[in-house]
Amino acid sequence: MSAIEFILSGMLAAAMPFLLAALGELVVERSGVLNLGVEGMMAFGAAIGFISVYLGAGHFAGFVLAALGGAALSLVFATLVLWLRANQVAAGLAIGILGLGLSALIGKPYESLTITGLKEISLPGLSSLPVIGGIFSQDIVVWLGLLATVSIWWVFRATRLGLLIRAVGENPHAALAIGTPVLVLRACAIAFGGAMAGIAGAYAATVYTPLWADGIIAGRGWIALALVVFGTWMTGRVFFGACLFGALSLAELTGQAVGWHLPSQLLASLPYLVTILILGVISSNRARMKMNAVASLGETFER
Amino acid sequence: MRARLIRRERASARAALFGILATLALSVVTSGVLFAALGAPPLRALHALLIDPFLSWGSFSEVLLKMAPLLMIAQGLAIGFRAKVFNIGAEGQLILGAIFASAIPIWFPTATGGWIWPLMMVLGALGGMLWAAIPAYWRSHLNASEILVTLMLSLVAAQLLNYLLLGPWKDPAGFNFPQSVMFQWDAMLPTLLPGTRVNISLLFALAATLAAWLYMQHSFGGYRLLVGGLAPRAASYAGFSENRAIWLSLLIGGAAAGLAGAAEVAGPLGQLQRSVSTGYGYSAIIVAYLGGLNPIGILFSSFLLAALFIGGDSAMVSAGLPVAAVRVVQGLLLVFYLGGVTFVRYRLVFGKGAEA
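Those protein sequence lines, which keep their order, are chains A and B.
In this text, residue positions in the first sequence follow full-length UniProt numbering: the first is 1, and each later residue adds one.
In this text, residue positions in the second sequence follow full-length UniProt numbering: the first is 1, and each later residue adds one.
See below:
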């Protein structure tokens, strides 16, 4: 298998942890809240998902429980920032640290154990194409992840719910004036973001690399946060960003397989270095950032 | 019945004290319940976490040893946090400080002289500053979030450390362990308390505390930083530059973390190891917030978290709790603190008054 074929076939699966978490955070940020706890919520979801599958509950139950765990953790965050008006940066960091700690704590007895991942579902015909065929042979979560991307894009583009979320993010006072329950809507967005982060983590630990190790999320949650900025809060761009990072995170594996003579630590750093570079390039275009940025992002809402 | 938060005209000192006690109590109770749920005897675990560190001079001196880097880093971070510059990558800056400081004993393993450890400390601070200068540039010139850039750079720094310890800086006689040669005597910090591992890095941290207190409370520069964080627009009308605050905050934070990293390799470790990065940089964020971003408050919170670390080791042995329990208690402390602080700034009003 050539390096290109290898990357193409593995890219979507590698992109899923980034994509699912970033989609969740996209919804949260569109509602005007910055949740920096994504990494911790992913780790918590990963631990819950892994333990559930290991104990025999199956992947479906594992994903549901991970989503509930991520949502529960994010509701603690919601309580802090929405009702108790805590600083969103500090509260996000607190939830992140708590999630990482909880995952390590409950995951400890399962350290280095492995489980079986999910079978791939191939699209007949397309999956036997040369070079690009691998793209059409993916596990069910990838297919559902693509569906989620399109759904979220559609919700923001064409539904009243999407409009309300954006209104609450752009100008919560105006939204309240026309009768939108600002805090409830934001809490729902935060819970959705937490559930998506939980699922993203569970995917990483039960399908992508079906094993438990402390630190398995390895910064993916932070990259997901950066992806929302790269995507300038647009669903389609977040999707392409996630694919890019999926491909990048395969660099280390590809390097080993193809025999590049580069230190593996450099290849492992590549996603982080590219994040830093792209953040600089995208953010320096201030006009474009301003056009799409969420006006009340990170601000505490007080009536 | 409706409840509503009403902003206090001035923060209440009584509520602040009560808030801290409630934070501690709630964290202890919640942790106990959690430990019980995981099958660890909760009372024994809490005793190990909270009481054991104070039962012997040996373990208490270890608390002081742990306190030094936490205190130092948190003082640096708090200056930035007050100016709303969120450097959360102190861990990376600490690693770079440790690497820069280690260059001297690794490249000149037989050098002797009283200049060696002071030079290592200077290099360590420079290394941390250099690593923090990257997010400072990214934020001030490219408008990129310092939160994400500092965090990404920590992950890169960890890889850089791995690379050095597995490659060029690995001790050839070290049985293939990922660690450097042991440092010579003159590369080690002088001991502060005889018979313990406590070295003069504790003095550096206390000096940093004094400097931070003078800077924040009694100087125009500190006032400018604070105003820039509270009211950026007003600050810019007054001619205070936002970029200056960004550079200053990050460079101070980076220097403090770098110095802490240098003091770790020249202190308890005595060589460059992977374990130089054990999360001091992340814990210091909690220390800074729990201390109310106040230099004196941070003195107390760094002591509390240092004791918790030593208690964690003890809980691992006596109650079978994983070390991660410490991270959970830290997270809970911060969660409850952030919730509790609300009642210092606001009054909770029930019933009719709430409708106003």
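Yeah, the Cβ is synthetic: ideal placement off N, Cα and C, and Gly gets one too.
Can you give me the C-alpha to C-alpha distance between residue i and residue j, rounded to a whole angstrom?
| i | j | result |
| --- | --- | --- |
| A354(B) | R7(B) | For A354(B), the pLDDT reaches just 48, beneath the cut-off of 50, and the residue's location in the model is therefore unreliable, although a value from the coordinates is still provided. Distance between the alpha carbons of A354(B) and R7(B) is about 12 Å. |
| V28(A) | L34(A) | 7 Å |
| S12(B) | Y282(B) | 29 Å |
| I298(B) | N87(B) | 17 Å |
| T209(A) | T191(B) | 46 Å |
| G231(A) | G241(A) | 7 Å |
| S31(B) | V335(B) | 12 Å |
| A356(B) | H173(A) | The predicted position of A356(B) is uncertain, since its pLDDT is 42 and thus under 50; a value taken from the coordinates is nonetheless stated next. About 17 Å. |
| G270(B) | E264(B) | 8 Å |
| L272(B) | M182(B) | 8 Å |
| G340(B) | N87(A) | 12 Å |
| T150(B) | E39(A) | 15 Å |
| A205(A) | P109(A) | 15 Å |
| W117(B) | S61(B) | 22 Å |
| K290(A) | G298(A) | 15 Å |
| C188(A) | L68(A) | 13 Å |
| W115(B) | L202(B) | 20 Å |
| A319(B) | R44(B) | 6 Å |
| A15(A) | G198(A) | 15 Å |
| P105(B) | L266(A) | 25 Å |
| L26(B) | D171(B) | 47 Å |
| G124(B) | A98(B) | 6 Å |
| S314(B) | A48(B) | 6 Å |
| L126(A) | C243(A) | 20 Å |
| N199(B) | L94(B) | 18 Å |
| I48(A) | A211(B) | 45 Å |
| G92(B) | L55(B) | 34 Å |
| F192(A) | N176(B) | 47 Å |
| I97(A) | S241(B) | 33 Å |
| R220(A) | P17(A) | 7 Å |
Span of the beta strand (DSSP E) holding residue i?
| i | result |
| --- | --- |
| A3(B) | 3 to 7 |
| F350(B) | 346 to 350 |
| R139(A) | Residue identity differs from the one stated: residue 139(A) is Asp in this sequence, not Arg. Unbroken beta strand (DSSP E) run through D139(A): 137 to 139. |
| I121(A) | 120 to 122 |
For the candidate residues the options, whose alpha-carbon lies nearest to that of residue i?
| i | options | result |
| --- | --- | --- |
| A325(B) | I20(B), R4(B), G39(B), L17(B) | G39(B) |
| L100(A) | T112(B), G113(B), V329(B) | V329(B) |
| A16(B) | T196(B), I104(B), F343(B) | F343(B) |
| I178(A) | L163(A), P263(A), V155(A), T206(A) | L163(A) |
| L270(A) | G70(A), L253(A), A205(A), G259(A) | L253(A) |
| L8(A) | A21(A), R303(A), Q138(A), L277(A) | Q138(A) |
| G311(B) | R4(B), L5(B), L34(B), G58(B) | G58(B) |
| F100(B) | F303(B), V122(B), F309(B) | V122(B) |
| R224(B) | R139(B), Y137(B), I79(B), T209(B) | I79(B) |
| L73(A) | G194(A), M234(A), L55(A), L176(A) | G194(A) |
| residue 361(B) | L160(B), A136(B), I134(B) | Since the first residue of chain B shown is 1 and the last is 356, residue 361(B) is not available in this structure. |
| R166(A) | L19(A), L20(A), S296(A) | S296(A) |
| L113(A) | R303(A), V53(A), L98(A) | V53(A) |
| V85(B) | L71(B), I286(B), G228(B) | G228(B) |
| G133(A) | L80(A), R288(A), G10(A) | G10(A) |
| V142(A) | G37(A), N171(A), L20(A) | L20(A) |
| W222(A) | F50(A), G201(A), G259(A) | G201(A) |
| G302(A) | V182(A), I140(A), L55(A), V155(A) | The residue asked about is misnamed: residue 302(A) is Glu in this sequence, not Gly. Residue V182(A) is the option with its Cα nearest to E302(A). |
| G167(B) | G76(B), P194(B), P178(B), A307(B) | P178(B) |
| F60(A) | Y272(A), Y203(A), V238(A) | Y203(A) |
| G280(A) | I73(B), A74(B), R139(B) | R139(B) |
Along the chain, where does the alpha helix (DSSP H) that runs through residue i open and close?
| i | result |
| --- | --- |
| Y137(B) | 116 to 142 |
| Y289(B) | 280 to 290 |
| L73(A) | 58 to 78 |
| L267(A) | 264 to 284 |
| H47(B) | 42 to 50 |
| P168(B) | That residue, P168(B), is in no alpha helix (DSSP H); it is neither H nor E in DSSP. |
| G45(A) | 38 to 54 |
| E62(B) | 57 to 82 |
Please identify, using Cβ separations under 8 Å, the residues of the region 108 to 142 of chain B that lie next to chain A, in order along the chain.
Identification of residues in the region 108 to 142 of chain B having a C-beta nearer than 8 Å to some C-beta of chain A yields I134, W138, H141, L142, given in sequence order.
In chain order, which continuous runs of the alpha helix (DSSP H) of length 4 or greater are located wholly inside the region 180 to 252 of chain B?
If one requires a minimum length of 4 residues, the alpha helix (DSSP H) runs lying completely within the region 180 to 252 of chain B are 201 to 218, 220 to 230, 232 to 237, in chain order.
Chain-ordered residues of the region 172 to 202 of chain A with a beta carbon less than 9 Å from chain B:
Among the residues of the region 172 to 202 of chain A, none has a Cβ less than 9 Å away from any Cβ of chain B.
Residues in the region 307 to 332 of chain B having any Cβ partner in chain A nearer than 7 Å:
Listed by position, the residues of the region 307 to 332 of chain B near chain A (Cβ gap below 7 Å) are P322, A324, A325, R327, V328, Q330, G331, L332.
Given a limit of 9 Å on CB to CB distance, which residues of the region 41 to 75 of chain B reach chain A?
Within the region 41 to 75 of chain B, no residue qualifies.
If you measure beta-carbon to beta-carbon, which residues of the region 151 to 166 of chain A are closer than 7 Å to chain B?
Cβ contacts with chain B come from no residue of the region 151 to 166 of chain A.
Listed in chain order, which residues of the region 183 to 211 of chain B have Cβ atoms closer than 9 Å to some Cβ of chain A?
Going along the region 183 to 211 of chain B in chain order, one finds no residue with a Cβ nearer than 9 Å to chain A.
Contact list for the region 287 to 301 of chain A against chain B, Cβ threshold 9 Å:
Along the region 287 to 301 of chain A, the positions whose C-beta sits under 9 Å from a C-beta of chain B are M289, read in chain order.
Near-chain A residues of the region 281 to 294 of chain B (beta-carbon distance less than 8 Å), N- to C-terminal order
Hits within the stretch, in order: Y282, I285, I286, Y289.
May I have a chain-ordered list of the alpha helix (DSSP H) segments no shorter than 4 residues that lie completely inside the region 110 to 187 of chain A?
Within the region 110 to 187 of chain A, the runs of alpha helix (DSSP H) at least 4 residues long that lie entirely inside it are, in chain order, 140 to 158, 160 to 170, 172 to 177.
When you check each C-beta in the region 221 to 244 of chain A against every C-beta of chain B, which residues fall closer than 9 Å?
Taking 9 Å as the Cβ-Cβ cut-off against chain B, the residues of the region 221 to 244 of chain A that qualify are W222, I223, L225, A226, V229.
Taking a cut of 7 Å between CB atoms, which residues from the region 255 to 277 of chain A lie near chain B?
For chain B, the residues of the region 255 to 277 of chain A that bring a beta carbon within less than 7 Å of one of its beta carbons are P263, Q265, A268, S269, Y272, L273, T275, I276, in chain order.
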